[in-house]
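In this text, residue positions in the sequence shown follow the numbering used here: the first is -1, and each later residue adds one.
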Amino acid sequence: MMHTQESADALRQVGDELADATVATLFERGEVGKFNTLMRYVSTAGSPLPDGLPEVAREYLAVTGAPPSWVDWAEMERARLFFIDNNVHISTALSFAAMPACYLVPTVAKLLSATHGLRYPSKRMAETGQFTVHLMQPGAFEAGSRFIPAAQKVRLLHASIRHHLRRENRWDEAGLGTPICQEDMIGGQMFFSMLVLDSLHRLGVHLSTEGAESYLYAWRVVGAMLGVDQSAVPKSLDEARHFLDQYMVRHMGPSPEGVTLTRQLVDLYEEVVPGTLLDPVVGALIRYLVGDTCGDWLQVPRTPWDTLVKAAPRLLGVLETIEDRSPLGAWALDRLGHVTTLLELSSLTRGRVMHYAIPEHLKDDFGVSTATPRNRRWTPPAATVS
């Protein structure tokens, strides 16, 4: 489906009816605290629900406890193998492109600053990283997996934000549309799928069209489980490119919240990088992947490393050559990528499991301001914003 300005405007008026009704009932009955406490014990799919869980929550968990009936499992397995083959690159793109891109949408930056706090970007990064790792595990949709409960809780988290902002009259719904509306949810889905693929291409990672399509498909499944209207979601790479370009042109721009969140993100990753010599690489990589216009909007500092980071595609090309020519080299790089991704996630979570609880309050200072050949290589069309 190719969206027009009018269809995109319509998507701004729609939230998530099922999750919104569930959250409204939990707040109305004063059961949010009980729900959060009991759901800490529900971290794997198929595990018994604890006694005392509110009935409306039980009904919601039953309805949302299975993947969509239309899922193509062969496609999902291709997506998982694509992730394994490119996990370090995908983690890099998620961290240094997709996350900053969220901060480039002023309304989204405002929401993030309200729910996760300007001082704690690691929580948002840890939740996103853990969520993606759960998704790409074998049996992610089977009993014992952690992905389905995580998706159910994230969906309720989004609904709770809408609930707070409406109840407390802290959102200009007439001017901005529904908070965490369908357009923004699809936009986020495009950041974590299409923009990641763009970033891999920019890094010089060679992708087959089949791999790119499978990765996009996996995030369609994720979107469905997070309450995204599938009739409005791009189904192909071309449709995804059109939506992402239109969304960026419609909404991207500078904001105080975006600048602050980016600064905190850079600080966080400078803490993760050993020593201080390589600290400038963090900002340089963000600027390289999102482009200078967006880098300026986010006030990412310019440094001499901006030029050196552009050598990344050549380095990755050498690694890919090793991988292509040596099965042992391919295995070693895949294992290294897996370990690196887990170490990065461990640094962000500090060994804790993220629980995606429904916030009972928002921050007091919210509102600071406004059929394809398997081996054909995929080359994305030029993006609109650079």
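C-beta: ideal position from N, C-alpha, C; glycine also. As the structure is a prediction and not an experimental result, all values here were calculated from the model.
Do you know whose CA, among the options, lies nearest residue i's CA?
i      : options                        : result
VAL194 : SER93, ARG76, ILE184           : SER93
LEU154 : ASP14, GLN262, LYS108, GLN128  : ASP14
ARG56  : TRP68, TRP71, ASP70, LYS32     : LYS32
ILE178 : ASN167, LEU163, SER191         : LEU163
GLY293 : LEU266, ASP277, GLY256, ASP196 : GLY256
ALA19  : TYR39, PHE139, HIS156, GLN262  : HIS156
ASP196 : ALA91, GLN244, GLY28, LEU110   : ALA91
ILE88  : GLY209, ALA138, SER234, LEU263 : GLY209
ALA6   : SER158, ALA22, LEU174, ALA60   : LEU174
ALA172 : GLU358, ILE356, ALA8           : ALA8
GLU53  : PRO252, ARG78, PHE81, LEU24    : LEU24
GLY186 : ARG38, ALA138, PHE241          : PHE241
Does the distance from the C-beta atom of residue i to that of residue j stay below 8 angstroms?
i      : j      : result
ALA43  : ILE184 : no
ARG218 : VAL203 : no
TYR213 : GLU73  : no
PRO98  : THR260 : yes
THR62  : GLN150 : yes
LEU36  : GLY50  : yes
TRP303 : LEU102 : no
VAL389 : HIS132 : Because the chain here runs from -1 to 384, residue 389 falls outside it and cannot be looked at.
SER158 : ILE356 : yes
LEU287 : ARG144 : no
VAL152 : LEU224 : yes
ALA96  : PHE189 : yes
PRO66  : ALA238 : no
PHE129 : ALA148 : yes
Is it buried or exposed, residue i, if we count other Cβ atoms within 10 angstroms and call 16 or more buried?
i      : result
GLN3   : exposed
ARG165 : exposed
LEU360 : buried
GLN228 : exposed
THR392 : As shown, the chain starts at -1 and ends at 384. That puts residue 392 outside it, with no answer to give.
ASP182 : buried
THR291 : exposed
VAL247 : exposed
TYR245 : buried
LYS233 : exposed
GLN11  : exposed
ALA17  : buried
HIS1   : buried
TRP169 : buried
GLU211 : buried
THR305 : exposed
TYR39  : exposed
LEU79  : exposed
ARG27  : exposed
Consult DSSP for residue i and reduce its assignment to one of helix, strand or coil.
i      : result
ALA6   : helix
SER206 : strand
GLY31  : helix
PRO147 : helix
LYS108 : helix
PRO66  : coil
LEU340 : Unreliable positioning characterises LEU340 in this predicted model, as indicated by a pLDDT of 43, which lies under 50. A coordinate reading is not provided.
ARG300 : coil
MET0   : coil
ASN167 : coil
GLY225 : coil
GLN11  : coil
THR176 : coil
HIS156 : helix
GLY293 : helix
GLU211 : helix
PRO252 : coil
ARG117 : Note that ARG117 has pLDDT 48, beneath the 50 cutoff, so the model's placement of it is unreliable and no number is given.
SER41  : coil
If I follow the unbroken alpha helix (DSSP H) through residue i, where does it start and stop?
i      : result
MET188 : 180 to 188
ASN85  : 85 to 91
MET246 : 235 to 249
ARG285 : 277 to 288
PHE139 : No alpha helix (DSSP H) holds PHE139; DSSP gives it neither H nor E.
TYR101 : 97 to 101
HIS199 : 194 to 200
LEU51  : Careful: LEU51 lies outside any alpha helix (DSSP H) and carries neither H nor E.
ALA17  : 15 to 26
Should residue i be counted as a contact of the ligand MN given a C-beta to heavy atom distance under 7 angstroms?
i      : result
GLY221 : As far as ligands go, the structure on display features none, and thus does not contain the ligand MN.
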